[in-house]
Amino acid sequence: MTKSILEVIGFKETETSTVRPEHEKALDASFGKSMLVFSRDQSFPYYSTDTSQLPTNVEQSQWQTLSDPERLARQFEFNDVKAMLYFLDELMVEQERINHHARIAIDHRTILVETYTRDVNAVTEIDKALANFCDELYEDVRHIGLED
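The sequence shown begins at 1427 in our numbering and counts up one residue at a time.
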(Lines of atoms letter the chains of each structure in order from A and count residues from 1; the text may use other names and numbers.)
(Lines give C-alpha, C1' and ligand atoms only; values in the text may rest on other atoms or scores of the structure.)
Protein backbone atom coordinates (compact mmCIF):
# COMPACT_ATOMS: atom_id res chain seq x y z
CA MET A 1 0.00 0.00 0.00
CA THR A 2 1.39 3.41 -0.95
CA LYS A 3 1.28 6.37 1.41
CA SER A 4 0.35 9.90 0.51
CA ILE A 5 2.89 12.64 1.10
CA LEU A 6 0.82 13.83 4.07
CA GLU A 7 1.07 10.40 5.69
CA VAL A 8 4.83 10.31 5.06
CA ILE A 9 5.40 13.62 6.87
CA GLY A 10 3.09 12.60 9.69
CA PHE A 11 0.12 14.86 8.97
CA LYS A 12 -3.15 13.58 10.45
CA GLU A 13 -6.51 15.30 10.21
CA THR A 14 -9.62 14.72 12.28
CA GLU A 15 -13.02 16.41 12.29
CA THR A 16 -12.32 18.37 15.48
CA SER A 17 -8.63 19.07 15.33
CA THR A 18 -5.53 18.88 13.21
CA VAL A 19 -2.46 17.11 14.58
CA ARG A 20 0.62 18.84 13.27
CA PRO A 21 3.87 17.02 12.49
CA GLU A 22 6.76 17.36 14.95
CA HIS A 23 8.97 19.24 12.46
CA GLU A 24 6.29 21.97 12.13
CA LYS A 25 6.07 22.30 15.90
CA ALA A 26 9.85 22.70 16.04
CA LEU A 27 9.71 25.41 13.36
CA ASP A 28 6.99 27.21 15.31
CA ALA A 29 9.13 27.09 18.44
CA SER A 30 12.06 28.59 16.52
CA PHE A 31 10.31 31.11 14.25
CA GLY A 32 6.83 31.67 15.63
CA LYS A 33 3.77 31.08 13.47
CA SER A 34 4.52 28.65 10.66
CA MET A 35 4.17 29.79 7.05
CA LEU A 36 3.09 26.26 6.06
CA VAL A 37 -0.67 26.14 5.56
CA PHE A 38 -2.92 23.13 5.01
CA SER A 39 -6.30 23.54 3.41
CA ARG A 40 -9.19 21.04 3.62
CA ASP A 41 -9.95 21.48 -0.09
CA GLN A 42 -6.36 20.84 -1.14
CA SER A 43 -4.41 17.62 -0.86
CA PHE A 44 -1.04 19.33 -0.49
CA PRO A 45 0.48 22.05 1.69
CA TYR A 46 1.14 25.45 0.20
CA TYR A 47 3.07 28.41 1.49
CA SER A 48 1.33 31.59 2.47
CA THR A 49 2.34 34.86 0.81
CA ASP A 50 1.88 36.69 4.12
CA THR A 51 5.45 37.69 4.98
CA SER A 52 4.61 39.54 8.22
CA GLN A 53 5.68 36.53 10.31
CA LEU A 54 9.05 36.02 8.61
CA PRO A 55 12.17 36.73 10.70
CA THR A 56 13.67 38.94 7.94
CA ASN A 57 12.50 41.57 5.53
CA VAL A 58 13.30 42.07 1.87
CA GLU A 59 15.00 45.25 0.79
CA GLN A 60 14.49 46.91 -2.56
CA SER A 61 17.38 46.33 -4.96
CA GLN A 62 19.65 49.29 -5.59
CA TRP A 63 20.56 48.01 -9.03
CA GLN A 64 19.19 49.88 -12.03
CA THR A 65 18.37 48.36 -15.39
CA LEU A 66 19.81 50.54 -18.13
CA SER A 67 19.22 50.19 -21.84
CA ASP A 68 21.17 50.16 -25.10
CA PRO A 69 22.42 47.55 -24.35
CA GLU A 70 20.29 46.25 -21.49
CA ARG A 71 22.53 46.05 -18.41
CA LEU A 72 22.49 46.16 -14.62
CA ALA A 73 24.26 49.08 -12.93
CA ARG A 74 24.96 50.12 -9.36
CA GLN A 75 27.26 52.55 -7.59
CA PHE A 76 29.05 51.50 -4.40
CA GLU A 77 30.37 54.23 -2.13
CA PHE A 78 33.19 53.75 0.37
CA ASN A 79 34.46 55.79 3.29
CA ASP A 80 38.07 54.74 2.89
CA VAL A 81 40.47 53.40 0.30
CA LYS A 82 41.21 50.19 2.21
CA ALA A 83 37.57 49.06 2.02
CA MET A 84 37.32 50.05 -1.64
CA LEU A 85 40.48 48.10 -2.55
CA TYR A 86 39.24 45.02 -0.71
CA PHE A 87 35.93 45.20 -2.62
CA LEU A 88 37.73 45.59 -5.95
CA ASP A 89 40.14 42.76 -5.26
CA GLU A 90 37.38 40.31 -4.28
CA LEU A 91 35.24 41.36 -7.25
CA MET A 92 38.13 40.83 -9.68
CA VAL A 93 38.84 37.37 -8.24
CA GLU A 94 35.15 36.39 -8.58
CA GLN A 95 35.00 37.64 -12.16
CA GLU A 96 37.99 35.50 -13.07
CA ARG A 97 36.49 32.51 -11.27
CA ILE A 98 33.19 32.68 -13.19
CA ASN A 99 34.80 34.00 -16.41
CA HIS A 100 32.32 36.87 -16.67
CA HIS A 101 33.57 40.44 -16.50
CA ALA A 102 31.67 43.60 -15.65
CA ARG A 103 32.54 47.16 -16.58
CA ILE A 104 34.07 48.81 -13.52
CA ALA A 105 34.62 52.57 -13.23
CA ILE A 106 36.28 54.27 -10.26
CA ASP A 107 35.67 57.89 -9.30
CA HIS A 108 37.44 58.83 -6.06
CA ARG A 109 35.75 56.49 -3.50
CA THR A 110 32.83 55.45 -5.67
CA ILE A 111 32.81 52.31 -7.80
CA LEU A 112 30.33 51.90 -10.65
CA VAL A 113 29.65 48.30 -11.72
CA GLU A 114 27.77 47.59 -14.95
CA THR A 115 27.16 44.03 -16.07
CA TYR A 116 25.51 42.40 -19.07
CA THR A 117 26.19 39.43 -21.32
CA ARG A 118 27.87 40.76 -24.44
CA ASP A 119 26.93 37.75 -26.61
CA VAL A 120 23.23 38.62 -26.36
CA ASN A 121 23.45 42.32 -25.38
CA ALA A 122 21.13 41.66 -22.45
CA VAL A 123 21.04 40.75 -18.78
CA THR A 124 21.25 37.01 -18.11
CA GLU A 125 21.33 34.83 -15.01
CA ILE A 126 25.11 35.15 -14.70
CA ASP A 127 24.74 38.94 -14.55
CA LYS A 128 22.17 38.61 -11.79
CA ALA A 129 24.49 36.26 -9.92
CA LEU A 130 27.37 38.74 -10.25
CA ALA A 131 25.12 41.57 -9.03
CA ASN A 132 24.13 39.44 -6.04
CA PHE A 133 27.79 38.71 -5.33
CA CYS A 134 28.55 42.46 -5.39
CA ASP A 135 25.70 43.17 -2.97
CA GLU A 136 26.86 40.50 -0.53
CA LEU A 137 30.48 41.60 -0.79
CA TYR A 138 29.52 45.24 -0.17
CA GLU A 139 27.54 44.24 2.93
CA ASP A 140 30.51 42.18 4.16
CA VAL A 141 32.89 45.11 3.68
CA ARG A 142 30.53 47.37 5.63
CA HIS A 143 30.18 44.90 8.52
CA ILE A 144 33.68 43.50 9.00
CA GLY A 145 35.11 46.82 10.07
CA LEU A 146 37.11 47.74 7.00
CA GLU A 147 35.22 51.02 6.84
CA ASP A 148 35.57 53.49 9.68
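Note that the Cβ used here is the ideal one computed from N, Cα and C, for glycine as well. Model, not experiment: these values are computed from the prediction.
Residue i vs residue j beta-carbon contact at 9 Å
i       : j       : result
Glu1496 : Ala1548 : yes
Leu1517 : Arg1529 : no
Glu1522 : Leu1563 : no
Trp1489 : Asp1545 : no
Phe1504 : Thr1550 : no
The alpha helix (DSSP H) enclosing residue i, as first and last residue numbers
i       : result
Val1539 : Premise fails: Val1539 lies in the beta strand (DSSP E), 1536–1541, not in any alpha helix (DSSP H).
Gln1521 : 1507–1524
Ala1555 : 1551–1569
From the options, residue whose alpha carbon lies closest to that of residue i
i       : options                            : result
Thr1541 : Asp1494, Leu1498, Ser1493, Asp1515 : Leu1498
His1569 : Val1546, Thr1536, Asp1533, Ala1509 : Ala1509
Burial state of residue i, where buried means 16 or more other Cβ atoms lie within 10 Å
i       : result
Asp1515 : exposed
Val1567 : buried
Ala1531 : exposed
Glu1441 : With a pLDDT of 45 at Glu1441, under the threshold of 50, the modelled position of this residue cannot be trusted; read the value that follows with caution. Under this definition Glu1441 is an exposed residue.
Rounded C-alpha distance that separates residue i from residue j
i       : j       : result
Arg1500 : Ile1552 : 16 Å
Ser1493 : His1534 : 26 Å
Ala1557 : His1527 : 11 Å
Thr1543 : Asp1506 : 31 Å
Phe1513 : Ser1487 : 19 Å
Gln1468 : Ile1524 : Low confidence applies here, because Gln1468 scores a pLDDT of 48, under 50, leaving its location unreliable; read the following figure in that light. Cα to Cα, Gln1468 sits roughly 43 Å from Ile1524.
Segment limits, beta strand (DSSP E) that includes residue i
i       : result
Asp1533 : 1529–1533
Glu1503 : 1497–1503
Gln1490 : 1490–1492
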